[in-house]
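**Q** Under mature numbering (1 follows the signal peptide of the UniProt record, and there is no 0), residues -20 to -1, 1 to 627 are what the sequence shown spells out, in order.
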Amino acid sequence: MRPPFLVCFAFLVSVVLIDADTSAADLIVFQSDFPKRTKFVNDAGISVNRFLRSNSGADKELTEERAGALSVPLLERLKGIFLQYVPVSPEKLTSWLKSGKSTDVVFIRLNLQGGENPFHKPQFADWVHYADELSAKRPEMSAISTLTSHYGDDRLFRMIRMAKTKPPTENLAKELETKLMQHWVATRKDPDEVFHLFNLDTVWDGIWEKPELSTWVQYVDDLNTKHPEKPAWMSSTLTKYFNDEVLIKMTNNLKMRGPENAKSIAAKVEDDWIQAGIQHYKTPYQALLDLGLGKEADNILKQLLSKDSLASTWVKYMEAFNRKYPAYETTVIETLTKTFGDVGVTNMLRTATEQSATRILATRLETAQLKMWLDNGESADNVFELLKLDQDPKNFILKDKHLLQTWVSFINFIVERASNKRFVKAALAENLDSLEYRFEDIPLNRILNMAKKFPSLKAPATKIQTKKIRGYFANKNTPGHVFRLLGLDDEGDDILSTSQFTSWLQYVENFNRQHGQQVSWFIPLHHAYKVERLFLQAIRTPSTLKIGKTLEKEWIKYWIGEKMSPKHTIVLLLAPDDEALISPALTTWSKYLEEFNKEYPAEKITMIDGLRANYNDFELLTMFKTAQSDPNTKKLASNLEKALVGI
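#1: Are A256 and S292 close, meaning C-beta to C-beta below 8 Å?
#2: Taking the alpha helix (DSSP H) that residue 636 falls in, what are its first and last residues?
#3: Compute the Euclidean distance between the alpha carbons of L383 and E334, then round it to the nearest angstrom.
#4: Hey, T458 and V499: beta-carbon distance below 8 Å or not?
#5: Is the closest heavy atom of the ligand GDP to the C-beta of T310 under 7 Å?
#6: Could you say which of T205, S336, T386 lies nearest to V165 if we only look at CA atoms?
#7: Tell me which same chain residues have a C-beta within less than 7 Å of the C-beta of W353, skipping the five on either side of it?
#8: L367 and V323 - do their beta-carbons sit closer together than 8 Å?
#9: With 16 other CB atoms within 10 Å as the buried threshold, where does L620 fall?
#10: Are there 16 or more other CB atoms within 10 angstroms of the CB of F481, so buried, or fewer, so exposed?
#11: Determine the extent of the alpha helix (DSSP H) in which T347 is found, giving its start and end residues.
#12: Taking buried to mean at least 16 other C-beta atoms within 10 Å of its own C-beta, is residue 698 buried or exposed?
#13: Along the chain, where does the alpha helix (DSSP H) that runs through V200 open and close?
#14: How many angstroms separate the CA atom of P556 from the CA atom of M603?
#15: Looking only at its own chain, which residues have a Cβ that is under 7 Å from the Cβ of Q385, when we skip the five neighbours before and after it?
#16: Can you say whether F576 is buried or exposed, counting buried as having 16 or more other CB atoms within 10 angstroms of its CB?
#17: Excluding the five sequence neighbours on either side, which residues of its own chain have a C-beta within less than 7 Å of the C-beta of A267, listed in chain order?
#18: Going by other Cβ atoms of all chains shown within 10 Å of its Cβ, with 16 needed for buried, is I340 buried or exposed?
#19: Report the CB separation of A565 from L516 in whole angstroms; it is logged as a contact under 8 Å.
#20: Classify S125 as helix, strand or coil using the three-state DSSP reduction.
#21: By how many angstroms is the C-alpha of D473 removed from the C-alpha of S618?
#22: Is DSSP giving A4 helix, strand or coil here?
#23: Quick one: grab the DSSP three-state call for Q480.
#24: Using a beta-carbon distance below 8 Å, is A291 in contact with chain D?
#25: In chain order, what residues of the same chain lie with their CB nearer than 7 Å to the CB of I26, ignoring the 5 residues before and after it?
#26: Of the residues D469, R426, K510, which one's Cα is nearest the Cα of K448?
#27: Identify every run of the beta strand (DSSP E) within the stretch 416 to 442, keeping only runs that are complete inside it and at least 3 residues long; order them along the chain.
#28: Do F463 and D470 count as a contact pair if the criterion is CB distance below 8 Å?
#29: Just tell me which of L573, E542, G541 has its CA closest to the CA of L553.
#30: Pull up the CB-CB distance for L531 and V551, whole angstroms please, since I reckon it's below 8 Å.
#31: Can you grab the Cα-Cα spacing for the pair G467 / I422, in whole Å?
#32: Leaving out the 5 sequence neighbours to the left and right, which residues in its chain are closer than 7 Å to L127 when beta-carbon positions are compared?
#33: Residue range of the alpha helix (DSSP H) that V86 falls in?
#34: State the DSSP-derived secondary structure class of Q266, mapped to helix, strand or coil.
#35: Mind pulling the alpha helix (DSSP H) runs of 4 or more residues that sit fully within the stretch 529 to 590?
#36: Helix, strand or coil, according to DSSP, for V625 in the structure here?
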């Protein structure tokens, strides 16, 4: 006959009310006289004899049940249930501490395991203190170990975060937060998971000002200090939400203009991004593409000069990469060439040399480009092909002047860097001679004109061009035709200082003498250039003063012959600004005015007439004021002002 269920239940209560850790020996006193193997089954068909299992080592696994995810003996769990309203005294806690009762068990005995936040329970702080004391002797039994087992990381972190907002629990929450972070470091919790726990994956605007980000950054630092053999990278997490270009733009902006705490974080993230890339053997070329610098070449040199640009970060990356992998060292020019090609880089550098802000850097990179080709064993013919000058050898010069200049510079670079310059110059002379058979007159002469600017190339280039000029003369080519054949229409504003222009002037003189003509040398210049700019520039330089004065006279002579009114020629000379009257161009216009009035006295024009034809009275008064401040034009300005008032 089965013993009544109430009898069994009363027996259980009697066992639970004995507040002591029950050993196997202790349990013998309270065991019934019924055979141990007798089964008691309740009305639901659940075996109840399991409540009488001993707590011996052999049966330990069978006697432990889970409270949440806590390992707590069944007997202790029952004690927690029946004694949940009985306060635990400090003396009892001290007794448990001496006996080494686990933090899991005490957590249950203090009735902290319910669904509500344990921070709201009065003895939670006592339990944390108990856990601290116990873990000093038994590190595996810490408060965080129990709490994470019971609640899990996510829920525990949210509890702590909520408790930090309440003054009564703020300090305890901060203490546990620190311990939780230490626990994560010890267990090497994935920074991605921590980032998610901090809700940083849902914040875009203002993420850098979030205190959670600072905490997360510190966590990754601590993690790497603890586990240097397998570093974690902040950038690996951040680039899941921001691409490399956006991320580095933000860090650079913060480093320059952000608050101090954000500046520090931004610097760490940038360095982390660099080191992560190097660790994963990301090449500088790939880094340049990841930063979005391979989209266009227009502004990359300006970025290289800016401290807060993507390009500046890329240079840091390249330098760090070269230090780490010296066998694979690369340069700025090599990476740019791989990205934009030889033609693209050459055009980019040529454009940059025309801008004051980037001229110095561009000039250095131009030299680096020549060195790169030479170090790579490229010949002059190879570079000619790299620059795609071989695709239309008859007409390429008309559209690719900058590419041609770079190619000629490379030829000069070869000579300058050669150990046996005499041998190289001899070979070069032969190569230049071969150009005569490869190119027609205009491309050939433009190549020779560029070559003559380099001392090492001047002699052989001049020799070839002199030979060509003799041929033109023998063929009775007109000066205007020879002007074009020599490529003088594309020489630029410094044409008056070139030897080829001097040779052409001599050609004009010889041609007129030979053929009894008076062909003008002014007309070809006038058609190809703004002549006023040429002679105004030339008369400012001693070496070109003479030719500048000569051209000025020809200009006056030409427009007098065309009966051009001084009211119109003034526009060709004077800029429409306050400094017009102190410009050297005023002197030229004064000469023209005088010559015009001599030639056409019936149409006499005064200086004030010419000025008023192009400027209003208010503009003139401003010009006069500026001119009166210059001793050289003070008297003229006063006279003109009187003339204006007298009208």
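Think of the CB as a built atom: it goes at the ideal place given N, C-alpha and C, for glycine as much as any other residue.
A quick note: this is a predicted structure, and the numbers were derived from the prediction, not measured.
**A** Straight from the coordinates:
#1: The count along the sequence shown starts at 1 and reaches residue 256 at position 276. The count along the sequence shown starts at 1 and reaches residue 292 at position 312. The answer is no: Cβ separation not under 8 Å.
#2: No answer is possible for residue 636: the residues shown for the chain start at -20 and end at 627.
#3: Mapped onto the sequence shown, residue 383 falls at position 403. Mapped onto the sequence shown, residue 334 falls at position 354. Looking at the two C-alpha atoms, the distance is approximately 15 Å.
#4: Working through the sequence shown from its first residue, we reach residue 458 at position 478. Working through the sequence shown from its first residue, we reach residue 499 at position 519. Closer than 8 Å, so yes.
#5: As far as ligands go, the structure on display features none, and thus does not contain the ligand GDP.
#6: As a working mapping, residue 165 is identified with position 185 in the sequence shown. With distances taken between Cα atoms, V165 lies closest to T205.
#7: In the sequence shown, counting from the first residue as 1, residue 353 sits at position 373. Closer than 7 Å at the Cβ level, and outside the excluded window around W353, lie V363, F390.
#8: As a first step, residue 323 must be located in the sequence shown, where it is residue number 343. As a first step, residue 367 must be located in the sequence shown, where it is residue number 387. It is a contact, given that the beta carbons lie within the stated cut-off.
#9: Here the question's residue 620 lines up with position 640 in the sequence shown. Buried, since its Cβ has 16 or more Cβ neighbours within 10 Å.
#10: Here residue 481 is taken as the residue at index 501 of the sequence shown, counted from 1. The residue in question, F481, is buried, as its Cβ has 16 or more Cβ neighbours within 10 Å.
#11: For the purposes of this step, residue 347 is taken as residue 367 along the sequence shown, with counting starting at 1. Note, T347: alpha helix (DSSP H), 339 to 355.
#12: It is not possible to answer for residue 698, since the shown part of the chain is limited to -20 through 627.
#13: Within the sequence shown, residue 200 is the residue found at index 220, counting from 1. According to the DSSP assignment, V200 belongs to the alpha helix (DSSP H) that extends over 191 to 206.
#14: The count along the sequence shown starts at 1 and reaches residue 556 at position 576. The count along the sequence shown starts at 1 and reaches residue 603 at position 623. Spanning the two alpha carbons is a distance of roughly 10 Å.
#15: Translated into positions along the sequence shown, residue 385 becomes position 405. Once the five neighbours on either side are set aside, the close Cβ partners of Q385 are M430.
#16: Along the sequence shown, read from residue 1 onward, the residue named residue 576 stands at position 596. Classification of F576: buried, given that the 10 Å Cβ count is 16 or more.
#17: Position 287 of the sequence shown, counting from 1, holds the residue named residue 267. Hits under 7 Å: G257, W294, Y297.
#18: The sequence position of residue 340 within the sequence shown is 360, counting from 1. Label assigned to I340: exposed.
#19: Within the sequence shown, residue 565 is the residue found at index 585, counting from 1. Within the sequence shown, residue 516 is the residue found at index 536, counting from 1. With 8 Å as the limit, A565 and L516 qualify as a contact, their Cβ atoms being about 6 Å apart.
#20: Locating residue 125 in the sequence shown gives position 145, counting from the first residue. In the structure shown, S125 sits in a helix (DSSP, three-state: H, G or I).
#21: Here the question's residue 618 lines up with position 638 in the sequence shown. Here the question's residue 473 lines up with position 493 in the sequence shown. Looking at the two C-alpha atoms, the distance is approximately 35 Å.
#22: Taking the sequence shown and counting its residues from 1, the one referred to as residue 4 is at position 24. Caution applies to A4, whose pLDDT of 33 falls short of 50 and renders its modelled position unreliable; the value that the coordinates give is listed next. Here A4 sits in helix by DSSP.
#23: Here the question's residue 480 lines up with position 500 in the sequence shown. Helix, per DSSP.
#24: Of the protein chains in the structure, only one exists, and it is not chain D.
#25: The residue labelled residue 26 in the question sits at position 46 within the sequence shown. Annotation note: pLDDT 28 at I26 (below 50); position unreliable, coordinate value reported separately. Here the set comprises nothing.
#26: Position 468 of the sequence shown, counted from the first residue, corresponds to residue 448. For the residues D469, R426, K510, the minimum Cα distance to K448 belongs to R426.
#27: Counting whole runs of 3 or more residues, the stretch 416 to 442 contains no beta strand (DSSP E) stretch at all.
#28: Locating residue 470 in the sequence shown gives position 490, where the first residue counts as 1. Locating residue 463 in the sequence shown gives position 483, where the first residue counts as 1. No, Cβ-Cβ distance for D470 and F463 is not below 8 Å.
#29: Reading the sequence shown from its first residue, position 573 is the one you call residue 553. Of the listed residues, the one whose Cα sits closest to L553 is L573.
#30: Residue 531 sits at position 551 when you count from the first residue of the sequence shown. Residue 551 sits at position 571 when you count from the first residue of the sequence shown. About 19 Å; that fails the 8 Å criterion.
#31: Here residue 467 corresponds to residue number 487 of the sequence shown, with the count starting at 1. Here residue 422 corresponds to residue number 442 of the sequence shown, with the count starting at 1. Their Cα atoms are separated by approximately 6 Å.
#32: What you label residue 127 is simply residue 147 of the sequence shown in a count that begins at 1. L136.
#33: For this step, residue 86 is matched to residue 106 along the sequence shown. Here the alpha helix (DSSP H) through V86 covers 83 to 89.
#34: Counting from one through the sequence shown, the residue named residue 266 turns up at place 286. Helix.
#35: DSSP runs (the alpha helix (DSSP H)) wholly in the stretch 529 to 590: 546 to 553, 565 to 579.
#36: Translated into the one-based positions of the sequence shown, residue 625 becomes position 645. Helix.
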